[in-house]
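From first to last, the protein sequence lines stand for chains E and C. The opening position of the first sequence corresponds to residue 1 in the working numbering, with each subsequent residue numbered one higher. The opening position of the second sequence corresponds to residue 300 in the working numbering, with each subsequent residue numbered one higher. Using N, Cα and C, we set each Cβ at its ideal position, and we do this for glycine too.
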Amino acid sequence: MKDTSHVNALENEAIYIFREVAAQFEKPVLLFSGGKDSITLVRLAQKAFWPAKIPFPLMHIDTGHNFPETIEFRDRLVKELGLELIVRNVQDSIDQGKVKEESGRYSSRNSLQTTTLLDAIEEFKFDACIGGARRDEEKARAKERIFSVRDDFGQWDEKNQRPELFDMLNGQIELGQNVRVFPISNWTELDVWSYIEKEEIEIPSIYFAHKRKIFLRDGLIWSHSEFVYQEDDEEVIERMVRFRTVGDMSCTAAVFSDAADISSVVQEIRDSTISERGARIDDKRSEAAMEKRKQQGYF
Amino acid sequence: MDVLKIATAGSVDDGKSTLIGRILYDTKSLTTDKLEAIEKTSKQKGYDYLDFSLATDGLVAEREQGITIDVAHIYFSTAKRSYIIADTPGHVEYTRNMVTGASTSQAAIILIDARKGVIEQTNRHFFINNLLRVKEVVVAINKMDLVDYSEETYNAIKADFEQLMSKRDYENQNITFIPVSALKGDNVVNKTDAMPWYNGGTILEHLEGLDLAAVSNAGTPRFPVQYVIRPKTDEFHDFRGFAGKVYGGELSVGDNVVALPSQTKSKIKEIYFNDEKFQTASRRSSVTITLEDEINVSRGDMLVKEGDLPTIDKQFTATISWMDSQKLAAGNKYVIQHGVNKVLAKVDRVHHRINPDYSGIDESIDALGMNDIAKVTFKLNKPIFFDAFKNHRTNGSFILIDSQSNNTVGAGFIQ
Numbered sequence: 001m002k003d004t005s006h007v008n009a010l011e012n013e014a015i016y017i018f019r020e021v022a023a024q025f026e027k028p029v030l031l032f033s034g035g036k037d038s039i040t041l042v043r044l045a046q047k048a049f050w051p052a053k054i055p056f057p058l059m060h061i062d063t064g065h066n067f068p069e070t071i072e073f074r075d076r077l078v079k080e081l082g083l084e085l086i087v088r089n090v091q092d093s094i095d096q097g098k099v100k101e102e103s104g105r106y107s108s109r110n111s112l113q114t115t116t117l118l119d120a121i122e123e124f125k126f127d128a129c130i131g132g133a134r135r136d137e138e139k140a141r142a143k144e145r146i147f148s149v150r151d152d153f154g155q156w157d158e159k160n161q162r163p164e165l166f167d168m169l170n171g172q173i174e175l176g177q178n179v180r181v182f183p184i185s186n187w188t189e190l191d192v193w194s195y196i197e198k199e200e201i202e203i204p205s206i207y208f209a210h211k212r213k214i215f216l217r218d219g220l221i222w223s224h225s226e227f228v229y230q231e232d233d234e235e236v237i238e239r240m241v242r243f244r245t246v247g248d249m250s251c252t253a254a255v256f257s258d259a260a261d262i263s264s265v266v267q268e269i270r271d272s273t274i275s276e277r278g279a280r281i282d283d284k285r286s287e288a289a290m291e292k293r294k295q296q297g298y299f
Numbered sequence: 300m301d302v303l304k305i306a307t308a309g310s311v312d313d314g315k316s317t318l319i320g321r322i323l324y325d326t327k328s329l330t331t332d333k334l335e336a337i338e339k340t341s342k343q344k345g346y347d348y349l350d351f352s353l354a355t356d357g358l359v360a361e362r363e364q365g366i367t368i369d370v371a372h373i374y375f376s377t378a379k380r381s382y383i384i385a386d387t388p389g390h391v392e393y394t395r396n397m398v399t400g401a402s403t404s405q406a407a408i409i410l411i412d413a414r415k416g417v418i419e420q421t422n423r424h425f426f427i428n429n430l431l432r433v434k435e436v437v438v439a440i441n442k443m444d445l446v447d448y449s450e451e452t453y454n455a456i457k458a459d460f461e462q463l464m465s466k467r468d469y470e471n472q473n474i475t476f477i478p479v480s481a482l483k484g485d486n487v488v489n490k491t492d493a494m495p496w497y498n499g500g501t502i503l504e505h506l507e508g509l510d511l512a513a514v515s516n517a518g519t520p521r522f523p524v525q526y527v528i529r530p531k532t533d534e535f536h537d538f539r540g541f542a543g544k545v546y547g548g549e550l551s552v553g554d555n556v557v558a559l560p561s562q563t564k565s566k567i568k569e570i571y572f573n574d575e576k577f578q579t580a581s582r583r584s585s586v587t588i589t590l591e592d593e594i595n596v597s598r599g600d601m602l603v604k605e606g607d608l609p610t611i612d613k614q615f616t617a618t619i620s621w622m623d624s625q626k627l628a629a630g631n632k633y634v635i636q637h638g639v640n641k642v643l644a645k646v647d648r649v650h651h652r653i654n655p656d657y658s659g660i661d662e663s664i665d666a667l668g669m670n671d672i673a674k675v676t677f678k679l680n681k682p683i684f685f686d687a688f689k690n691h692r693t694n695g696s697f698i699l700i701d702s703q704s705n706n707t708v709g710a711g712f713i714q
């Protein structure tokens, strides 16, 4: 038998955080998008509680505009691991008149997810929502805590955050509040990819190079799809692309790539000079786009 | 993966954000889109240089006021290791952020503006990093370009800082002085020709050379139990695993251990990481331990090696850093979170406030305000198992929680 000194410092930190969630909260839930970060979270949660099952359900806030590959992957993963999955649909929030579908050139259901999420938190009385956000993704996220308290309205008060010292996580909240938990806060995009490679974690096929119908706008590669608004003069072409980040189709841009397997993807990320969220159309809206969405209760 | 956590400290306008931006730029960690955003904004503001502080100042209020108001985490890596920088603001009123940043760091960079030299806030920055026993401190004397790269100025500042060092409590702290210009990029990542009189390395060279095992303070092994894993499946019917993180030293299969507070003895049967069995659990690994005997252990309890017990007491004295606008006074009650264990505590006595500029203590006060650092005695509703902070950074520290607001209102370091 060997010693554990070779194990990854970030992995140990994440496992510690998962166990704190299970111990400190009554009704945690893991927010699962089908993206690589939330898939990594599932693997870490399995490790944290083995040989017991993950002691909380997964929840997907489905915009209805997801890549079909992601949904297929999600359902298979849940089935194989015997996990409980809750799905709540943005379409329902639209039908109930709670949110209004955006229209026009940059329309997306991405920001509509917030209402559906907050309703689901209330419906199930979740007190901790575990998410795959990372501090390296975006400037406002760089200031996010590992246990981030949200009020009754799901809002983030960034100027009044609890200090987090040493390893100690303070999960004490009042009734009606909830905590967003980010176990991979300190991971970078490359850390996640390296971990997926090392652990041989399966991820949806759209992360690898494939032929896709696309069009170009504002220097970004958009998917040609019924969910994505397209001008008549925006020409559809077919190219080898892959996705570095997976949100719904209307807010995720592709990159040109020939990286068809995990080791070439890791190499590509290593060599890359564009940040991951550089391909997120939702962040391009303004300099403070993410901070504004977070204050309103976004992930 | 080898990760070094660094806290930065400096006063307003000492160029801290610029230094971090410079590190990111020179290590090629800034991506094209981020760099373009910086170029665009610098131009809009009419600067003839790149304003690297834009890379880190993440909140709208910060960009408006041009200051950093909360701890931001910044990531970069070299071929050798990954780095996490906790960028903590330097204003007098934000001591709590500095304490927070230092608590998770193994190294600190203290910035001094070469034109101003050692100022009152430098004392505070050094005091806090010394109080929190951050092993490695780099004193970066910045803006050398604005003092004609003068060796005399550098030496004078160094001598002033050495005066401070003579008053420190934690003497084994390693302190390294480096003359830099963050704006010009001198001695940050790359060597410079501008200061031929300086023979040492750059900031990055110094950080790369640190031995990680040596910078994270070792102690005796402590295993606070976070969670009890009981699968109750057919295959693992009798499995009772104690999940937690190993602090201070190693634990191995066969070690004789004592469970606290019950003081029941047993022996480590198995150590699991996920589904794999290991002979030894190293420091900071998150493992699951099973014992030879069926003894009662639950969250908040602690496994320690036999013959190596911590102090078990219902009272202790600590240096605390107060972080709340509501005052702390004798008689007040709080929740103390010591690792994963929670107890109720009452302030028995506020002994004195420590002046964070090393100028002495103030015994006249009986209540603490935001940012005060003081010596306080607490009485608890049940015993906890602790070590002195100077011997064990993890088992000697705690946080104070206000049971009304649930906020973390202070941090303490047990004497």
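Problem - Top-ranked residue by Cα proximity to ASN705(C), from GLN636(C), ALA517(C), GLY345(C) - result: The count along the second sequence starts at 1 and reaches residue 705(C) at position 406. Closest option to ASN705(C), Cα to Cα, is GLN636(C).
Exercise for the section: For ASP312(C), count neighbouring Cβ atoms within 10 angstroms of its own Cβ and tell me buried if that reaches 16, exposed if not. Expected result: By one-based count along the second sequence, residue 312(C) stands at place 13. That one is exposed.
Handout entry: Minimum Cβ-Cβ distance from LEU77(E) to chain C less than 9 Å
Key = Working through the first sequence from its first residue, we reach residue 77(E) at position 77. Contact with chain C is absent for LEU77(E), since none of that chain's Cβ atoms lies less than 9 Å from the residue's Cβ.
Practice task
Verify the CB distance criterion: does PRO57(E) have a CB-CB separation below 9 Å to chain C?
Solution key: Along the first sequence, read from residue 1 onward, the residue named residue 57(E) stands at position 57. No - not a single Cβ of chain C is within 9 Å of the one on PRO57(E).
Exercise for the section: Under 8 Å by Cβ, that's how I've got LEU169(E) and GLU20(E) pegged, so tell me the actual separation to the nearest angstrom. Expected result: Indexing the first sequence from 1 puts residue 169(E) at position 169. Indexing the first sequence from 1 puts residue 20(E) at position 20. The Cβ separation is near 5 Å, so the contact holds.
Handout entry: Beta-carbon neighbours of ASN12(E), restricted to chain C and to distances below 8 Å
Key = Locating residue 12(E) in the first sequence gives position 12, where the first residue counts as 1. Here the neighbours are LYS544, ARG583, SER584, SER585.
Practice task
Locate the beta strand (DSSP E) running through TYR453(C), then write down its first and last residues.
Solution key: On the second sequence, position 154 is the one that residue 453(C) refers to. Boundaries for TYR453(C): no beta strand (DSSP E) harbours it, while the alpha helix (DSSP H) harbouring it runs 450–464, taken from the DSSP string.
Practice task
Give a yes or no on whether 9 Å exceeds the smallest Cβ distance from ILE15(E) to chain C.
Solution key: What you label residue 15(E) is simply residue 15 of the first sequence in a count that begins at 1. It does: the Cβ of ILE15(E) has a partner Cβ on chain C nearer than 9 Å.
Exercise for the section: Verify the CB distance criterion: does ASN178(E) have a CB-CB separation below 9 Å to chain C? Expected result: Position 178 of the first sequence, counted from the first residue, corresponds to residue 178(E). Using beta-carbon distances, ASN178(E) does not count as an interface residue toward chain C, since no partner is under 9 Å.
Problem - Three-state secondary structure (DSSP) of GLY219(E) - result: In the first sequence, residue 219(E) corresponds to position 219, counting from 1. Three-state result, GLY219(E): coil.
Handout entry: Boundaries of the beta strand (DSSP E) in which TYR374(C) is found, first to last residue
Key = Taking the second sequence and counting its residues from 1, the one referred to as residue 374(C) is at position 75. 371–376 is the extent of the beta strand (DSSP E) around TYR374(C).
Practice task
Please determine if the region 210–219 of chain E and the region 28–36 of chain E are in contact, where contact requires at least 3 C-beta pairs separated by less than 8 Å.
Solution key: Segment contact: the region 210–219 of chain E against the region 28–36 of chain E, fewer than three CB-CB distances shorter than 8 Å; contact not assigned.
Practice task
Whole angstroms is fine: what's the gap from LEU358(C)'s alpha carbon to SER561(C)'s?
Solution key: Here residue 358(C) refers to the residue found at position 59 of the second sequence. Here residue 561(C) refers to the residue found at position 262 of the second sequence. Its pLDDT being 48, under 50, LEU358(C) is placed unreliably by the model, and the measurement read from it follows with that caveat. Approximately 48 Å, taken between the alpha carbons.
Problem - Contained alpha helix (DSSP H) runs [length at least 4] in the region 133–161 of chain E, N- to C-terminal order - result: Taking only runs of at least 4 residues, no alpha helix (DSSP H) segment lies wholly in the region 133–161 of chain E.
Exercise for the section: Find out if the Cβ-Cβ distance for the pair THR610(C), PHE677(C) is shorter than 9 Å. Expected result: Indexing the second sequence from 1 puts residue 610(C) at position 311. Indexing the second sequence from 1 puts residue 677(C) at position 378. Taking 9 Å as the Cβ cut-off, THR610(C) and PHE677(C) do not qualify as a contacting pair.
Problem - Below-9 Å beta-carbon distance, ILE366(C) vs any chain E residue - result: Counted from its first residue, the second sequence places residue 366(C) at position 67. At ILE366(C) the pLDDT is 49, less than 50, meaning the model places this residue with poor confidence; the figure from the coordinates comes in the next sentence. So no, ILE366(C) is outside the interface.
Practice task
Consider the Cβ of THR618(C): report whether some Cβ of chain E lies at a distance smaller than 9 Å.
Solution key: In the second sequence, the residue the question calls residue 618(C) occupies position 319. No Cβ of chain E is located within less than 9 Å of the beta carbon of THR618(C).
Exercise for the section: Please classify LYS565(C): is it buried, with 16 or more other beta-carbons within 10 angstroms of its beta-carbon, or exposed? Expected result: Taking the first residue of the second sequence as 1, we reach residue 565(C) at position 266. It should be noted that the sequence gives Ser, not Lys, for residue 565(C). Burial call: buried.
Practice task
Assign ASN428(C) to one of two classes, buried (16 or more other C-beta atoms within 10 Å of its C-beta) or exposed (fewer than that).
Solution key: If you number the second sequence from 1, residue 428(C) lands on position 129. Counting other Cβ atoms within 10 Å of its Cβ, ASN428(C) reaches 16 or more and is therefore classed as buried.
Practice task
Could you tell me which chain C residues have their CB closer than 9 Å to the CB of ALA52(E), listed as they occur along the chain?
Solution key: Within the first sequence, residue 52(E) is the residue found at index 52, counting from 1. In chain order: ILE528, ARG529, PRO530, LYS531, THR532, PHE535, PHE538, GLY540.
Exercise for the section: Tell me whether GLN714(C) is buried or exposed, calling it buried when 16 or more other Cβ atoms sit within 10 Å of its Cβ. Expected result: Taking the second sequence and counting its residues from 1, the one referred to as residue 714(C) is at position 415. Per the 10 Å Cβ criterion, exposed.
Exercise for the section: On a CA-only basis, which of GLY711(C), HIS372(C), ILE384(C), LEU318(C) is nearest VAL634(C)? Give me that one, please. Expected result: One-based indexing of the second sequence puts residue 634(C) at position 335. Among GLY711(C), HIS372(C), ILE384(C), LEU318(C), the Cα nearest to that of VAL634(C) is on GLY711(C).
Practice task
Would you list, in chain order, the members of the region 378–411 of chain C that have their beta-carbon closer than 8 Å to a beta-carbon of chain E?
Solution key: The region 378–411 of chain C vs chain E, Cβ under 8 Å: SER381, ILE383, ARG395, ASN396, VAL398, THR399, SER402, THR403.
Problem - Buried or exposed (CB count within 10 angstroms, at least 16 for buried), LYS531(C) - result: Against the second sequence, residue 531(C) aligns to sequence position 232. By the 10 Å Cβ count, LYS531(C) comes out exposed.
Problem - C-alpha distance - TYR571(C) paired with LEU117(E), whole-angstrom precision - result: Translated into the one-based positions of the second sequence, residue 571(C) becomes position 272. Translated into the one-based positions of the first sequence, residue 117(E) becomes position 117. Taking the straight line from one Cα to the other gives about 36 Å.
Handout entry: Distance CB(ASP325(C))-CB(VAL487(C)) smaller than 9 Å
Key = Against the second sequence, residue 325(C) aligns to sequence position 26. Against the second sequence, residue 487(C) aligns to sequence position 188. Yes, the pair counts as a contact, with Cβ atoms nearer than the cut-off.
Problem - Reduced DSSP category for ILE366(C) - H, G, I as helix; E, B as strand; rest coil - result: Counting from 1 along the second sequence, the entry for residue 366(C) is found at position 67. With a pLDDT of 49 at ILE366(C), under the threshold of 50, the modelled position of that residue is not reliable, and the figure given next carries that caveat. It is coil, neither helix nor strand.
Practice task
Can you have a look at LYS442(C) and say buried or exposed, based on whether 16 or more other CB atoms are within 10 angstroms of its CB?
Solution key: The residue given as residue 442(C) occupies position 143 in the second sequence. Label assigned to LYS442(C): buried.
Problem - Three-state secondary structure assigned by DSSP to SER263(E) - result: Position 263 of the first sequence holds residue 263(E). Collapsing the DSSP output to three states places SER263(E) in a helix.
Problem - Where the alpha helix (DSSP H) containing ASN428(C) begins and where it ends - result: Against the second sequence, residue 428(C) aligns to sequence position 129. Counting along the chain, the alpha helix (DSSP H) containing ASN428(C) begins and ends at 419–430.
Problem - Contacts around LYS632(C), its chain only, beta-carbon distance under 6 Å, and the 5 residues preceding and following it disregarded - result: The count along the second sequence starts at 1 and reaches residue 632(C) at position 333. Sequence-distant Cβ neighbours of LYS632(C) in its own chain, meaning closer than 6 Å and more than five residues away, are LYS645.
Practice task
Could you tell me which residues DSSP puts in a beta bridge with GLY709(C)?
Solution key: For this step, residue 709(C) is matched to residue 410 along the second sequence. Answer by DSSP bridge pairing, in chain order: TRP621(C), LEU699(C).
Practice task
Please say whether GLU435(C) and THR475(C) have beta carbons closer to each other than 9 Å?
Solution key: For the purposes of this step, residue 475(C) is identified with residue 176 of the second sequence, where counting begins at 1. For the purposes of this step, residue 435(C) is identified with residue 136 of the second sequence, where counting begins at 1. Contact flag set, yes.
Practice task
If I'm right that HIS691(C) touches ARG521(C) with Cβ under 8 Å, what's the distance once you round it to whole angstroms?
Solution key: Taking the first residue of the second sequence as position 1, residue 691(C) is located at position 392. Taking the first residue of the second sequence as position 1, residue 521(C) is located at position 222. Cβ atoms of HIS691(C) and ARG521(C) come within 8 Å of each other, at about 7 Å.
Handout entry: Short Cβ contact (9 Å threshold) for PHE49(E) with ALA23(E)
Key = Working through the first sequence from its first residue, we reach residue 49(E) at position 49. Working through the first sequence from its first residue, we reach residue 23(E) at position 23. PHE49(E) is not a Cβ neighbour of ALA23(E), given a cutoff of 9 Å.
Problem - Nearest-angstrom Cα separation, counted from LYS568(C) out to ASP607(C) - result: Taking the second sequence and counting its residues from 1, one reaches residue 607(C) at position 308. Taking the second sequence and counting its residues from 1, one reaches residue 568(C) at position 269. Going by the C-alpha atoms only, they are around 19 Å apart.
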